[in-house]
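K.L.:
Residues 1 to 437 (full-length UniProt numbering) make up the sequence shown, in order.
Mind having a look at this structure? Questions to follow.
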Amino acid sequence: MRGLVLAGTASGVGKTVAALATLRAFENAGRTVQPAKAGPDFIDPSHHARVAGRPSRTLDPWLQGEDGLRRNYARGEGDVCVVEGMMGLYDGDAASTAGVAAALDLPVVLVVDASAGMESVAATALGFARYADRASHDVDVAGVIAQRAHGGRHKEGIREALPDELAYCGRVPPREDLEIPDRHLGLRMGEEAPLDDDALDAAAEPLRTDRLLDLAREPTAEPSAGNSPESGEGPRIAVADDAAFRFVYPATRERLSERATVVPFAPATGDDLPPCDGVYLPGGYPELHAEALAEGPALGSIATVASEGTPVLGECGGLMALAETLSTVDGDTHEMAGVLPATVERRERYQALDHVELRARRDALTASGGERLRGHEFHYSAADVASDARFAFDVERGTGIDGNRDGLTEYRTLGTYCHVHAASGAFDAFLDEVEQR
């Protein structure tokens, strides 16, 4: 599958809107398009999925390793893959857009804010292209999309100023209805605040899909075989899936479905825990649905099965739901499952944002003793843990729960602030534990 990477000059330049407009432009041109996202983000991919009608692939060399990244790309389907970058093209030490483009040997189309520039757009793009000679990754900046650019003289001035080696791939017009509202943790999810279809069509129209297709190419490195799919029968894994628990990588759902029977349930809308052999509570926004979670039956049922030895895995929002109480930013406190000895409070500012490396202190639900796991953390909450709390991991990189440790554990339950990807092997370890019960 041919692909290209849409990279920004910085965060906030309009990469997501440009990516969504590009997805729509390819669809309107009769192409089947596969979206993807560089980095560990869950939110931008939810907008990709709504526009493209298929899950967005997560591409992060820290979370997956380069082989895992290539395998995840190869599992996509379509005529062309559009990869939205993270931050600015060269930003990030553990993982970067440049690193993803280099791992796949895909060309980069630079998204440049043209709202207050013309020739300067070309100068910026040329600087990014030439900086590739000094970067640690082999990056091919091949084209430009002018974000927030008017037509007529503005467009022509940008196009004429670009050197021959940088293709003009069109523009995204400045429109107020192309703004996606945000909140803590980033933009609102695609199901909550989708772009208007007419606005998206208007944004897609000035893009040059012919030039984008000319630039797109197949990855040069073949992915290694990796784990082969297994039967989808297996144990029953209850996976929380509602507005409170949204942060799941598509590859995680796929791996769980390959080895188990996945049973989704919606704790925030009143669902009880279904009969199961294991429970997975992903991250999300439990702090926005704390009252509904406290009033519903699911958390009490999770506490019961956890005390009976059922393996329960909670990531970030899942950790919060497994705690004793959760206090919102308004100061309201709600009872949670009470499985893990901690009280959690939502703060005004984010408490951690980083790629993470953990080392298992002993055998744990997602790793063997001494094993390292790589993941990502981004949260506004803080956990106050009991003095006798037991931790599964030491933090080699990142913040974790208390700056040095992550992974509260009780019974066969594990709650971490760290999100991991299926390529890490953590979910296979979790399923192995479930099968041993």
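Positions of the beta carbon are idealized from the N, C-alpha and C atoms, including for glycine.
Let me check understanding here. Comparing Cα to Cα, which of Tyr380, Leu353, Arg374, Gly39 lies closest to Val329?
P.N.:
Closest option to Val329, Cα to Cα, is Tyr380.
K.L.:
Looking at the unbroken alpha helix (DSSP H) that takes in Met336, where does it start and where does it end?
P.N.:
Looking at the DSSP string, Met336 is not in any alpha helix (DSSP H), and its letter there is neither H nor E.
K.L.:
Applying the criterion that 16 or more other CB atoms from any shown protein chain within 10 Å of the CB defines a buried residue, is Arg153 buried or exposed?
P.N.:
With fewer than 16 other Cβ atoms within 10 Å, it is exposed.
K.L.:
Thr310: buried (16+ other C-beta within 10 angstroms of its C-beta) or exposed?
P.N.:
With 16 or more other Cβ atoms within 10 Å, it is buried.
K.L.:
For Leu353, does the count of other Cβ atoms within 10 angstroms reach 16, so buried, or fall short, so exposed?
P.N.:
That one is exposed.
K.L.:
What does the alpha-carbon distance come out to for the pair Leu215 and Asp79?
P.N.:
If I take the Cα positions, the gap works out to 13 Å.
K.L.:
Looking at Glu433 and Thr399, is the spacing between their C-beta atoms short of 8 Å?
P.N.:
Not a contact, by the Cβ cut-off of 8 Å.
K.L.:
Take every Cβ of the segment 42-58, pair it with every Cβ of the segment 98-108, and state whether three or more of those distances are shorter than 8 Å.
P.N.:
No: fewer than three Cβ pairs fall under 8 Å.
K.L.:
What does the alpha-carbon distance come out to for the pair Asp67 and Glu222?
P.N.:
Rounded to whole angstroms, Asp67 to Glu222 spans 9 Å at the Cα level.
K.L.:
Answer yes or no: do Thr22 and Leu212 have a C-beta to C-beta separation smaller than 8 Å?
P.N.:
A contact, by the Cβ cut-off of 8 Å.
K.L.:
Is the CB-CB distance between Gly190 and His47 below 8 Å?
P.N.:
Taking 8 Å as the Cβ cut-off, Gly190 and His47 qualify as a contacting pair.
K.L.:
To the nearest angstrom, how far is it from the Cα of Val141 to the Cα of Leu20?
P.N.:
Those two C-alpha atoms are separated by around 20 Å.
K.L.:
For Cys81, which residues does DSSP report across the bridge?
P.N.:
Gly3, Gln34, per the DSSP bridge assignment.
K.L.:
Measuring alpha carbon to alpha carbon, tell me which of Ala386, Ala383, Arg405 ends up nearest Ala392.
P.N.:
Comparing Cα positions, the closest option is Arg405.
K.L.:
Determine the direct distance from the alpha carbon of Leu104 to that of Ala243, and round the result to whole angstroms.
P.N.:
Their backbone Cα atoms lie some 33 Å apart in a straight line.
K.L.:
Within 10 Å of its beta-carbon, does Ser424 have 16 or more other beta-carbons around it, so buried, or fewer, so exposed?
P.N.:
It is buried - the Cβ of Ser424 has at least 16 other Cβ atoms within 10 Å.
K.L.:
Among the residues of its own chain, which have a CB less than 6 Å from the CB of Pro107, if the five just before and after it don't count?
P.N.:
Result list for Pro107: Leu4, Asp140, Ala142, Leu215, in chain order.
K.L.:
Based on Cα-Cα distance, which residue from Tyr73, Pro286, Leu373 lies nearest to Phe427?
P.N.:
With distances taken between Cα atoms, Phe427 lies closest to Leu373.
K.L.:
Using the Cα positions of Leu313 and Glu27, report the straight-line distance between them to the nearest angstrom.
P.N.:
Distance between the alpha carbons of Leu313 and Glu27 is about 38 Å.
K.L.:
Beta-carbon separation of residue 459 and Val356 under 8 Å?
P.N.:
Since the first residue shown for the chain is 1 and the last is 437, residue 459 is missing from the structure and cannot be characterised.
K.L.:
If we call anything under 8 Å between Cβ atoms a contact, is Gly234 one with Ala260?
P.N.:
Yes, these two residues count as a Cβ contact at 8 Å.
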